[in-house]
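Student: Numbering (the working numbering), first residue to last: 1 to 58. One structure is given below, represented as C-alpha cells, and several questions about it will come after.
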Amino acid sequence: GSKGHRFTYGKVLGIYHVNVIMIGVGMVDYTLHRMEFLWIHWYEPIQQLSTWDTSTLN
Numbered sequence: 001g002s003k004g005h006r007f008t009y010g011k012v013l014g015i016y017h018v019n020v021i022m023i024g025v026g027m028v029d030y031t032l033h034r035m036e037f038l039w040i041h042w043y044e045p046i047q048q049l050s051t052w053d054t055s056t057l058n
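This is the structure we're talking about:
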C-alpha cells in the first residue's frame, strides 16, 4: 500500500467460482476442485487534497 494510508480500498465487481480438474505430472486422479475468486477494482489514493473546488473525495 501507499505510505500514510492505513487502508486499501476496492470495489467488488464480481464473485465467481469454477470447478477445476488439476492435471499434470504426478496426478493420480481427476477429482473436481471448487475454486472461488473475486474480481476487484483496487483504488489508489490521489495526491491532491479534496476540496469542493476540485470535486473529489479523499
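For glycine and all other residues, C-beta sits at the position ideal for the given N, C-alpha and C. Remember, it's a predicted structure, so these values are computed and weren't measured experimentally.
1) Kindly list the residues whose CB is nearer than 7 Å to the CB of M22, restricted to its own chain and excluding five residues on each side of it in sequence; keep chain order.
2) Can you name the start and end residues of the beta strand (DSSP E) that F37 belongs to?
3) Tell me which same chain residues have a C-beta within less than 6 Å of the C-beta of F37, skipping the five on either side of it?
4) In angstroms with no decimal places, state the Cα-to-Cα distance between Y30 and V18.
5) Under the three-state reduction of DSSP, which class applies to F7: helix, strand or coil?
Tutor: This is what the structure gives:
1) Numbered from 1 along the sequence shown, position 22 holds the residue referred to as residue 22. Correct list, in chain order: H33.
2) Working through the sequence shown from its first residue, we reach residue 37 at position 37. Element bounds for F37: L32 to W42.
3) Looking up residue 37 in the sequence shown gives position 37. Spatial neighbours of F37 in its own chain (CB-CB distance under 6 Å, excluding positions within 5 residues in sequence) are listed in chain order as Y16.
4) Taking the first residue of the sequence shown as position 1, residue 30 is located at position 30. Taking the first residue of the sequence shown as position 1, residue 18 is located at position 18. Computed Cα separation, rounded: 15 Å.
5) The residue labelled residue 7 in the question sits at position 7 within the sequence shown. Of the three classes helix, strand and coil, the one that applies to F7 here is coil, per DSSP.
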